[in-house]
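Some notes on the structure that comes next.
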Amino acid sequence: MPIVRIALPVPLPQLFDYSCDSISHADIGRCVRVSFGRRHETGVIVALPEQSDVPPARLKPVEHVLRDVPALPADWLELTAFVARYYHVPQGEVIALALPPDLRRANDVDDTDTDPLLTLTPAGWQTHDAGGRASKARHLLEQLAKAGATRKSVVRTWPDGQACADLLRRQWAYAVRPQTPARTAGQLPTLTEEQLTVVHTVCDADAGFAPYLLQGVTGAGKTEVYLRLIEQALKEGRQVLVLVPEIALTPQLEQRVIGRFPDADIVALHSGVADGARSRGFVRAMKGEADIVLGTRLSIFTPLPRLGLIVVDEEHDASYKQQEGVRYSARDLAVWRARQRDVPLVLGSATPSLETWRHAQEGRYARLMLTQRAIATQLPKVRLIDTRRVKLEDGLSPTLIKALESRLERKEQSLLFLNRRGYAPVLSCNSCEWISACPHCSANCVVHLKDRRLRCHHCGYDTAIPFACPDCGDQDMKPLGRGTQKLEEGLSERFPEARILRVDADAARSRKHWLDLLARIHAGEADILVGTQMMAKGHDFPRLTLVGVVGADAALYASDFRAPERLFQQMMQVGGRAGRAELAGEVVIQTEFPDHPLFQCLQRQDTDAFCKMALAEREEANFPPFTFQAMLSADAPVLNDALDFLVRASECIASDLPSGIFVYDPVPMRMTRLARRERAQLLVESASRAALQGFLTEWMRRLYRLSTARDVRWRLDVDPLDV
Ligand code: ADP
Ligand code: ZN
Ligand code: ZN
Numbered sequence: 042m043p044i045v046r047i048a049l050p051v052p053l054p055q056l057f058d059y060s061c062d063s064i065s066h067a068d069i070g071r072c073v074r075v076s077f078g079r080r081h082e083t084g085v086i087v088a089l090p091e092q093s094d095v096p097p098a099r100l101k102p103v104e105h106v107l108r109d110v111p112a113l114p115a116d117w118l119e120l121t122a123f124v125a126r127y128y129h130v131p132q133g134e135v136i137a138l139a140l141p142p143d144l145r146r147a148n149d150v151d152d153t154d155t156d157p158l159l160t161l162t163p164a165g166w167q168t169h170d171a172g173g174r175a176s177k178a179r180h181l182l183e184q185l186a187k188a189g190a191t192r193k194s195v196v197r198t199w200p201d202g203q204a205c206a207d208l209l210r211r212q213w214a215y216a217v218r219p220q221t222p223a224r225t226a227g228q229l230p231t232l233t234e235e236q237l238t239v240v241h242t243v244c245d246a247d248a249g250f251a252p253y254l255l256q257g258v259t260g261a262g263k264t265e266v267y268l269r270l271i272e273q274a275l276k277e278g279r280q281v282l283v284l285v286p287e288i289a290l291t292p293q294l295e296q297r298v299i300g301r302f303p304d305a306d307i308v309a310l311h312s313g314v315a316d317g318a319r320s321r322g323f324v325r326a327m328k329g330e331a332d333i334v335l336g337t338r339l340s341i342f343t344p345l346p347r348l349g350l351i352v353v354d355e356e357h358d359a360s361y362k363q364q365e366g367v368r369y370s371a372r373d374l375a376v377w378r379a380r381q382r383d384v385p386l387v388l389g390s391a392t393p394s395l396e397t398w399r400h401a402q403e404g405r406y407a408r409l410m411l412t413q414r415a416i417a418t419q420l421p422k423v424r425l426i427d428t429r430r431v432k433l434e435d436g437l438s439p440t441l442i443k444a445l446e447s448r449l450e451r452k453e454q455s456l457l458f459l460n461r462r463g464y465a466p467v468l469s470c471n472s473c474e475w476i477s478a479c480p481h482c483s484a485n486c487v488v489h490l491k492d493r494r495l496r497c498h499h500c501g502y503d504t505a506i507p508f509a510c511p512d513c514g515d516q517d518m519k520p521l522g523r524g525t526q527k528l529e530e531g532l533s534e535r536f537p538e539a540r541i542l543r544v545d546a547d548a549a550r551s552r553k554h555w556l557d558l559l560a561r562i563h564a565g566e567a568d569i570l571v572g573t574q575m576m577a578k579g580h581d582f583p584r585l586t587l588v589g590v591v592g593a594d595a596a597l598y599a600s601d602f603r604a605p606e607r608l609f610q611q612m613m614q615v616g617g618r619a620g621r622a623e624l625a626g627e628v629v630i631q632t633e634f635p636d637h638p639l640f641q642c643l644q645r646q647d648t649d650a651f652c653k654m655a656l657a658e659r660e661e662a663n664f665p666p667f668t669f670q671a672m673l674s675a676d677a678p679v680l681n682d683a684l685d686f687l688v689r690a691s692e693c694i695a696s697d698l699p700s701g702i703f704v705y706d707p708v709p710m711r712m713t714r715l716a717r718r719e720r721a722q723l724l725v726e727s728a729s730r731a732a733l734q735g736f737l738t739e740w741m742r743r744l745y746r747l748s749t750a751r752d753v754r755w756r757l758d759v760d761p762l763d764v
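Quick note, the sequence shown lines up with residues 42 to 764 if you use the numbering used here.
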């Protein structure tokens, strides 16, 4: 009987052979269900080998082959094999990660769209134009008329969203099934000189693999450039993959893409999309029906037979790197995939990662620059306030208070940025040493005064604020430091007439909350926004003219060598929110270190100067990108078990260590304890990526055979972000 080789999502580094009659080469890439030990597993056929190491009599038969859905294409299998090789994880685990939920269970996928685009019917327009008695349905109709084609799921989140079914029943709106993707909607803005140059450079280049860094100040119109490039690709009958960071950005960008290409079949893939819709989107893309796939890091695994362009927006964003399980970087895989499929790749950012910036510097990527803002005539003015020299009230300097006052007078929006949610980072007793330490982590529980809770932001531990000190019984306890809730409280006392809106992970608990908040900000329902890094990314708020940064100094002297890079990117991003439309913007940064070179670069908004300086520092210290790293980490209930495993891991290869590979001593992680587990790490480095990879392959082979003490878990992170 023919043999099939299957990748299964089990933590073992090999593929598994089964038997299956009536199978052909066309079945490679099909999802299958098999019995595995006492369980059932689903996997994907990756090969039909002639022979197996398992004796024929012991080969178990495949239980089910999913034939209702096309087989996964060869280039997709190749991609997952590469990820398995490069990140040193079993291919079956990569496949399980890459497949959408239904295919992971080898279930059929019905690809009719249950989240279609809605637009007004002729009857809808008549009703809309006729006006008449106000009702929920009419309000919703008006909104839809204003917004243009919009996904049903989004319409439902609008203020009168419950009336959505009503609209459909009255036949005021209907679902459009996109057919011909060539049409672009509406009056297109005239491109600036710089934008034109960029679009021409990419479009006129010879076909084939070409990586670009699109470096443009915030508001330079990068998105407009993406849209033109997408348009070109669609005209050529190709598919486009657009990667965006995190869920936070997708609603706005998706709406913009839908608005521009009303007839294109657009698939959104992010964690806010329900399982069924994800599976359908994946299959539509795989069948070549979807024209544009827009999504977060996971969408790098979407099969796209007609792929013609990959765009990675905000390429520096840390969310492109998965921090658990298969620790892949979607940005790096985008480069690999563009080369594999021989298509152009555009990495866009106002503040490129040092890795990418260096590639561009050395000519491996072509650099495209947008130095001018598209609308606002100038970049916001950045002022540094030395907080050692002024008295702060509620954490605010007199300059910032004045700036806020003048915005309130002029009815413009302000944003105060503080990257710490909750009321205060810690509760402490005035009489003894007690502080609100998390019992499960080496971290403090954050005070959430609103609901009177202490919460650990690392493990989720959650308890009531005690009435008295648990150690000495004193009732005099006070919150130390300042989080967004406290900042909000101070502001509402100082500016009782102002409408203050807090935007952090607590206020935006779900996607619905988040969309609500965005809608309220856009509707001008807030005068002062208080936000964490959620607010920093890509949003466009026309009336926002002041950004105040309250307390960003911690990152300057953090032990993580990437912290300054992140701080600079974040400050540039958040500063870029100010003055996006016709109104001029201002950024006020409160710091104890106004002379720090990072702030100096920030004040001049000179990304190149910052990158140059930061790279020089990295080179001096021999940090990435001047060296390549991998991190083996282990955790256990007892620190010594974790350390002991790492010591043995290091010893098992010590005598065969190739030259040019450096294995450091195991050390406890910076935050040692997390969720009741003690964590340690072991860093490996090499100046050569190839040498490091060769070493890791052999090392992993030995690690899999190493016995572990009870309850030790370990994992390898290639190109780790947190070291
Ligand atoms: P970025 O992505 O670089 O931050 P966007 O593409 O979002 O910038 O552009 C910022 C604003 O400028 C948007 O409101 C966009 O519609 C507008 N815009 C972009 N290009 C042009 C142009 N050529 N003419 C007029 N407005 C433009
Ligand atoms: Zn006490
Ligand atoms: Zn904790």
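We put the beta carbon where it would ideally sit given N, CA and C, even for glycine.
Cα-Cα separation between residue i and residue j, rounded to whole angstroms
i, j, result
"C470", "N485", "14 Å"
"R192", "P157", "6 Å"
"S176", "D358", "43 Å"
"S65", "V45", "10 Å"
"M576", "I506", "29 Å"
"S394", "D601", "16 Å"
"A625", "A188", "27 Å"
"V725", "F342", "28 Å"
"D676", "R382", "39 Å"
"R174", "G620", "39 Å"
"C513", "C473", "7 Å"
"H481", "T160", "51 Å"
"L680", "W755", "13 Å"
"L762", "R603", "8 Å"
"A560", "T162", "25 Å"
"G463", "V487", "6 Å"
"R405", "F250", "12 Å"
"A593", "P678", "34 Å"
Identity of the residue in the options nearest residue i by Cα
i, options, result
"D547", "L441, H489 and G592", "H489"
"T233", "L673, L737, L643 and I416", "I416"
"C72", "E658, I442 and R146", "R146"
"S340", "R368, G317, H311 and T428", "H311"
"H637", "D62, I426 and S729", "I426"
"I702", "A671, L684, V285 and A564", "A671"
"E272", "T259, G84 and I307", "I307"
"I694", "R720, A728 and F736", "F736"
"R751", "E453, F686 and R372", "F686"
"P285", "G84, T264 and R448", "According to the sequence displayed, residue 285 carries Val and not Pro. Ranking the options by Cα distance to V285, first place goes to T264."
Cβ neighbours of residue i in the same chain (closer than 6 Å, five flanking residues each side left out)
i, result
"P605", "L639"
"M741", "H129"
"L543", "Checking the sequence shown, residue 543 turns out to be Arg, not Leu. Only T525, E529 and V571 meet the Cβ criterion."
Cutoff 8 Å; reference residue i; Cβ partners in own chain excluding five residues on either side
i, result
"D503", "R494, L495, R496 and C497"
"I69", "I86, V87, A88, L89, A112, A115 and L118"
Residue i, DSSP secondary structure in three states
i, result
"F57", "strand"
"P97", "helix"
"R80", "strand"
"N663", "coil"
"W755", "strand"
"Y253", "strand"
"F669", "strand"
"N681", "helix"
"T392", "coil"
"D768", "In the structure as shown, the chain begins at 42 and stops at 764. Residue 768 is therefore absent and cannot be evaluated."
Close-in-space but distant-in-sequence residues of the same chain around residue i (CB under 7 Å, 5 per side omitted)
i, result
"I351", "L282, A375, R378, A379, V384 and L386"
"G349", "A274, E277, R279, Q280, V281 and V384"
"A164", "Q212 and W213"
"V135", "T121, V124, A125 and V367"
"R429", "E633"
Open item on the list: When you compare the segment 123-138 with the segment 90-100, are there three or more beta-carbon pairs, one atom per stretch, that lie closer than 8 Å?
Closed with: Because the criterion of three Cβ pairs below 8 Å is not met, the segment 123-138 and the segment 90-100 do not touch.
Task: the segment 660-667 in contact with the segment 704-720 per 3-pair CB rule at 8 Å - done: Flag = no, the segment 660-667 and the segment 704-720 do not touch.
Task: Validate contact between the segment 131-145 and the segment 317-336 using beta carbons, cut 8 Å, 3 pairs - done: Yes: at least three Cβ pairs fall under 8 Å.
Task: the segment 206-218 / the segment 167-184 touching (three or more Cβ pairs under 8 Å) - done: yes
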